[in-house]
Amino acid sequence: MTLPMSLPIKLDHSVVHVSDWERSNAFYREVLGAELVRRPSGWCYRFGDTQLNLHGPGFTPSEVARLPVQPGNSDLCFEWKGPIADAIAHLDLCKVAIHRGPIERFGAKGPGTSVYFRDPDGSLLEFISYDHGTKP
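Numbering-wise (this note's numbering), the sequence shown opens with residue -4 and increments by one.
Right, here's the structure in full:
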């Protein structure tokens, strides 16, 4: 069986486990610009048409991975649409420490420049910029 070069799919959502709803909601809203969406028992975060579903206190998911996600063990990358220097300034304004970077990385759109930081539970987050016109 030969599959087509590209299937009609795109990433819809992923899961992050948080230990404190209020703390995580504030961080993802203020630092990442998430739209907070209330669920019957918990929250999810929307970024346009992509979503982070959350596992957290009081929420029992119906389906989980063989090794369920735990607070602090996620690794997510978000595209920063603009110069990486603007992402660095934004993190500084939000008083979020940069774990590493800026550093050259390879993402979904090819070469880019990234900075790494952590959410309140310690999950590794990354901003990657494909804006090659401005160096930090």
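Ideal Cβ placement from N, Cα and C applies to all residues, glycine included.
- About 17 Å separates the CB atoms of Gly128 and Val110; that is not less than 8 Å, and the two are not in contact.
- In the structure shown, Asn48 falls within a strand segment according to DSSP collapsed to helix, strand and coil.
- About 20 Å separates the CB atoms of Gly107 and Ser118; that is not less than 8 Å, and the two are not in contact.
- At a cut-off of 4 residues, the continuous stretches assigned as alpha helix (DSSP H) that sit fully inside the region 51 to 108 are 79 to 88.
- For Val26, the secondary structure class from DSSP, reduced to helix, strand or coil, is helix.
- For Lys90, the closest C-alpha among the options Pro66, His50, Asp126 and Pro115 is that of Pro115.
- Put simply, of Glu74, Arg61 and Ser14 the residue whose alpha carbon is nearest the alpha carbon of Gly53 is Ser14.
- Leu49 is positioned such that its CB atom lies closer than 8 Å to that of Cys39.
- In this chain, the beta strand (DSSP E) harbouring Gly37 covers Gly37 to Phe42.
- DSSP places Ile4 in no beta strand (DSSP E); its state is neither H nor E.
- Within the DSSP secondary-structure output, Val32 pairs in a beta bridge with Cys39.
- When DSSP states are grouped into helix, strand and coil, Ser14 belongs to the coil group.
- Taking a C-beta distance under 8 Å as the contact criterion, Phe112 and Ala80 do not qualify as a contact pair.
- DSSP lists Leu47 as the beta-bridge partner residues of Ser9.
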